[in-house]
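Report on the following structure.
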Amino acid sequence: MAAAKQLLPTKNKSGFYEIRMESIGGLGANLAGKILAEAGVLGMGLNGVNFASYGSEKKGTPVKSFVRFSEPDFEIRSNSPVEEPHILVIFHEKMITTHVLTQGVGKDGIVIVNTSRTPDQMRDALRLYAGTVICVDAIRIAVEEKVKLNTTLLGTIAKASGFVDKDALKSAIAETFKKKYPQIIDANIRAFERGYSEFTGKTFAPDGRYEYVPFSRSVPDLGYENAPIGGVILNPGNSVQKDLSASRTGHIPLFIKDKCTSCGECEITCPDYCFVWESGVDKHGRPKRILLGIDYQFCKGCMKCVEICKFDALKKDIEASFDVGAITVKHREFALK
Ligand code: SF4
Ligand code: SF4
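Structure representation (structure tokens):
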């Protein structure tokens, strides 16, 4: 009997092709994983599975979304995370400053990053041992097409994988949105097509510049066995770094100082204490708190401040048009060390 046709270009020793998406809650990695797995199973006849790992499942927390494929005649498994991905997808480049995301990526691995930087710059920023780095400015494409960036990244994944069927993936995208959001199908397909073609990539051989980083499971310092009885958690709900910039999806609130009356409405509305003030005087010489600007480290881009400001001193603008570091006014007391 003739051997069954092999659909996957390569497999690990367990017989799987694996993709790991590193993201922030709200950017759509979970949905991207689901769509990709559906395209593989329903559109291509592969065995496939998608599962995810996340914390409190709210916007702003780290999310890992896993996709695993096997040949149609090989049983799939979903009870272990993807440790050595064939493709690693980084949904927000800001994440690389706080997490080592390239764990388990070997010399044949592909790393897709949402960034406007070049593959050479990204390889150094990631300190990547070896492999192929693909850079796609997914957030710019998503803003231009008025969609989330996940469908753009799906386009890049399809092209980079060399085996994911483009039409199967487009059908899975359309199927996902058709019931509740049919009006956004066309824009998401456009974003997908742009992700499929608008990227740059480069392959790096192991050259000794950076070391291979094996996968390791993080173990929290405190758990049910060693947390002190009656202990107090001083920063509930906060990440260690308190850096929310990866939660933004392409837009920032832009502060226009000339129009600001320092009325304080934005301060009351902002859920994350982003506004930075100093003591000053009003035009009559009376003491007054003056708004200096925004500390974007804490800003998740919810735009509540823009909605509340009556004086047009805050406007929604495209983040990529600014050097956010240069326009940030730092909170002295909460600065990231
Ligand atoms: S709401 Fe507008 S005018 Fe008032 S302090 Fe904030 S930015 Fe200034
Ligand atoms: S968009 Fe405005 S209200 Fe929302 S977190 Fe940023 S500064 Fe605060």
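Quick note on the working numbering: the sequence shown kicks off at 966 and runs consecutively.
Glycine is no exception: its CB is placed at the ideal position from the N, C-alpha and C atoms.
Keep in mind it's a predicted model, so treat the numbers as computed, not measured.
Own chain partners of residue i with C-beta closer than 8 Å, once the 5 adjacent residues on each side are dropped
i: S1181; result: Q1068
i: P1037; result: A969, L972, G1010, L1011 and N1012
i: Y1019; result: G990, N995, T1026, P1027, V1028 and K1029
i: T1226; result: F1276 and A1278
i: M1268; result: H1216, P1218 and K1281
i: P1185; result: none
i: R1213; result: C1264, K1265, G1266 and E1284
i: V1289; result: S1210, I1217 and Y1261
Three-state secondary structure assigned by DSSP to residue i
i: V1006; result: helix
i: S1183; result: coil
i: F1287; result: coil
i: E1036; result: coil
i: N1191; result: coil
i: K1224; result: helix
i: S1045; result: coil
i: G990; result: coil
i: A997; result: helix
i: L1313; result: Within the shown structure, residues of the chain are numbered from 966 to 1302, placing residue 1313 beyond reach of any answer.
i: S1018; result: strand
i: Y1109; result: For the sequence presented, residue 1109 should be read as Glu rather than Tyr. Reduced to three states, the DSSP call for E1109 is helix.
i: F981; result: coil
i: E1243; result: strand
i: D1132; result: helix
i: L973; result: coil
i: V1294; result: coil
i: F1276; result: coil
i: V1271; result: helix
i: L933; result: Past the boundaries of the shown model lies residue 933; the chain is included only from 966 to 1302, so the question cannot be answered.
i: L1119; result: helix
i: K1265; result: coil
i: K1124; result: helix
i: L1301; result: Because L1301 carries a pLDDT of 47, less than 50, the predicted location of this residue cannot be relied on, and the following value inherits that uncertainty. Here L1301 sits in coil by DSSP.
For residue j and residue i, the rounded distance between their alpha carbons
i: V1070; j: K1248; result: 60 Å
i: V1294; j: V1241; result: 7 Å
i: A1133; j: T1121; result: 14 Å
i: V1129; j: H1296; result: 46 Å
i: P1193; j: D1208; result: 27 Å
i: R1174; j: C1274; result: 50 Å
i: F1039; j: G980; result: 8 Å
i: V1032; j: L1001; result: 7 Å
i: H1064; j: N1044; result: 23 Å
i: F1034; j: V1178; result: 24 Å
i: F1157; j: I1149; result: 12 Å
i: H1057; j: L1066; result: 11 Å
i: Y982; j: D1073; result: 12 Å
i: V1054; j: D1172; result: 23 Å
i: S1286; j: V1108; result: 12 Å
i: H1051; j: I1075; result: 6 Å
i: R1088; j: V1098; result: 7 Å
i: V1246; j: D1223; result: 16 Å
i: K1131; j: E1176; result: 34 Å
i: L1093; j: S1244; result: 46 Å
i: I1255; j: C1231; result: 12 Å
i: G1096; j: I1233; result: 48 Å
i: K1305; j: F1220; result: Because the chain spans 966 through 1302 in this model, residue 1305 falls outside it and cannot be assessed.
i: V1047; j: L1257; result: 45 Å
i: R1155; j: I1061; result: 28 Å
i: I984; j: A1004; result: 14 Å
i: G1229; j: I1292; result: 20 Å
Cβ shell of residue i (< 6 Å), same chain only, five flanking positions each side left out
i: V1006; result: G1013
i: E1239; result: In the sequence as displayed, the identity of residue 1239 is Cys instead of Glu. Answer for C1239: I1259, D1260, F1263 and C1264, listed in chain order.
i: S988; result: A994, V1028 and F1056
i: G1127; result: P974
8 Å Cβ cutoff, residue i in contact with chain C
i: K1144; result: Structure shown: chain C not included; a single protein chain is present.
Contacts around residue i, its chain only, beta-carbon distance under 7 Å, and the 5 residues preceding and following it disregarded
i: N1153; result: V1112, T1116, I1138 and F1142
i: K976; result: Y982
i: V1271; result: P1218, L1279, K1280 and K1281
i: G998; result: M986, N1015, A1017, S1030, F1031 and V1032
i: A1125; result: I1052, I1075, I1077 and I1099
i: K1302; result: With a pLDDT of only 45 at K1302, under the threshold of 50, the placement of this residue in the model should not be trusted, and no figure is reported.
i: I1041; result: N1012, G1013, V1014, R1033 and S1035
i: G1250; result: none
i: K1253; result: S1227, G1245, V1246 and D1247
Exercise for the section: Could I get the ranges of all uninterrupted alpha helix (DSSP H) runs contained in the stretch 1047-1104, with 4 residues as the minimum, in chain order? Expected result: 1084-1091
Exercise for the section: Any chance you could list the beta strand (DSSP E) runs of at least 3 consecutive residues sitting entirely within the stretch 1144-1173, in chain order? Expected result: At a cut-off of 3 residues, the continuous stretches assigned as beta strand (DSSP E) that sit fully inside the stretch 1144-1173 are 1165-1169.
Exercise for the section: May I ask you to verify whether the stretch 1070-1081 touches the stretch 1100-1118, counting CB pairs closer than 8 Å and requiring at least 3? Expected result: The stretch 1070-1081 vs the stretch 1100-1118: in contact.
Practice task
Would you check if there are 3 or more beta carbon pairs closer than 8 Å linking the stretch 1161-1170 to the stretch 1097-1110?
Solution key: yes
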